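Chains as they are written, first to last, in this note's numbering: chain A, 1 to 204; chain B, 1001 to 1095.
Every residue gets a Cβ at the ideal spot worked out from N, C-alpha and C, and that includes glycine.
Just so we're clear, the structure is a prediction, and the values are computed from it rather than from any experiment.
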Amino acid sequence: MGDDYDWVGALSGPEPARAEAVRRLHALMVRAARFTLSRTGEASRLGRARAEVVVQSSADDAVIAVLARLSTFEGRAKFTTWAYKFAIFHTATAVRRELWSRTEIDLTAIPEPAALTANPLEQLEASALADAVRRGIAESLTPHQQRILIAIAVEGIPVDVIADRLGTTRNTVYKTLHDARRRLRADLTAQGYLPAPAHEEVKR
Amino acid sequence: MRTDDSWTHLVLDQLSDDFEPWMSCDECFDRSDGILEGILAGEASMPAAFRAHLAGCAACRGELEILGDLASIDRGMDPALTRARLDAEIARRAQ
């Protein structure tokens, strides 16, 4: 596909040129979806058949998203770069969703951390920090913030998967994580366990 | 409740940065292609909020890295070089 192809004109123009452009766009999205799988190590656990379903469904979703947002394309990037990001987003999200689909996740309870196993001297030194972290989580975070922080930090559950299970968005889960980090950081900084953040100068 | 050492450090890893200024995942997504073009061209740096978001959101960072790889290949560029540029931009937070 040459750089001079008028994607926006063809996708928003009359038939039959539009249908041909949509066909080309779908092929582009399939390519990006396959590429995403190839760059996502854990995707190999899906198996060939499930991977192909992810590729095709993600490409379909990406075509729909590109067409729905075509009027927002401002030409700040090449059209293909702009369109790729939809395929990558849908594919990466679908892979994570698939990989966690058979895992039961309880996002209502806050799991207890495991008992200390280090030797007694190391344990003594670490326990003050560990206690401060535990107390900070319990006292400065809401139960929801505690659960999201532990799910992401300790259990390694991806934000998309948490969002799916809670019926919300990645945006909302990330905001909860961001607020939890800020509160806990402030608590541990006030206790002297963390240095005060060196803020970058914000240029607006 | 007892807290084991690895559990504590996994939580502390989340506090290694203040991830400010704030940017949402949606805004990161909306701006990613334009900012990546500047990085590919070697002409622009990341806005501070974009950099902070990538440092704090593994999902958005992973997707941008794949976008950088794919866009690099389309341009006949070395994806490893683009990754190095992205990493360097994000690492500028620590400087």
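query, result
"Considering just the uninterrupted stretch of the alpha helix (DSSP H) at residue 85 of chain A, what are its terminal residues?", "79-99"
"To the nearest angstrom, how far is it from the Cα of residue 1018 of chain B to the Cα of residue 54 of chain A?", "35 Å"
"Do you know offhand how far residue 41 of chain A's Cα is from residue 99 of chain A's?", "12 Å"
"Is residue 1065 of chain B helix, strand or coil when you go by DSSP?", "helix"
"Taking residue 1089 of chain B as the query, report the chain A residues whose CB atoms sit under 8 Å from its CB, ordered along the chain.", "None at all; the shortest Cβ gap to chain A is about 13 Å."
"May I ask which residues mark the beginning and end of the alpha helix (DSSP H) holding residue 193 of chain A?", "Taken as a continuous stretch (DSSP letters only), residue 193 of chain A belongs to no alpha helix (DSSP H), as it is neither H nor E."
"Under the rule that 16 or more other beta-carbon atoms within 10 Å means buried, what is residue 195 of chain A, buried or exposed?", "exposed"
"Go ahead and label residue 158 of chain A buried or exposed: buried means 16 or more other beta carbons lie within 10 angstroms of its beta carbon, across all protein chains shown.", "buried"
"Please state if the CB of residue 81 of chain A and the CB of residue 1033 of chain B are separated by a distance shorter than 8 Å.", "yes"
"Taking the beta carbon of residue 170 of chain A as the centre, do at least 16 other beta carbons fall within 10 Å, making it buried, or is it exposed?", "buried"
"Assuming residue 1071 of chain B and residue 1036 of chain B are in contact, meaning their beta carbons sit under 8 Å apart, how far apart are those beta carbons, in whole angstroms?", "6 Å"
"For residue 1086 of chain B, count neighbouring Cβ atoms within 10 angstroms of its own Cβ and tell me buried if that reaches 16, exposed if not.", "buried"
"Could you work out which residue in A:166, A:143, A:135 and A:58 is closest to residue 1008 of chain B when comparing CA atoms only?", "A:135"
"Looking only at its chain, what residues have a beta carbon closer than 7 Å to the beta carbon of residue 193 of chain A, apart from the 5 residues adjacent to it on each side?", "129 and 132"
"With a 10 Å radius around its C-beta and 16 neighbouring C-beta atoms as the bar for buried, classify residue 167 of chain A as buried or exposed.", "exposed"
"So residue 79 of chain A packs on residue 7 of chain A, CB below 8 Å; how close in whole Å?", "4 Å"
"With C-beta atoms as the reference, is residue 71 of chain A less than 8 Å away from residue 94 of chain A?", "no"
"Taking the straight line between their C-alpha atoms, what separation do you get for residue 174 of chain A and residue 16 of chain A?", "43 Å"
"Measuring only the C-alpha atoms, how far is residue 153 of chain A from residue 1063 of chain B?", "19 Å"
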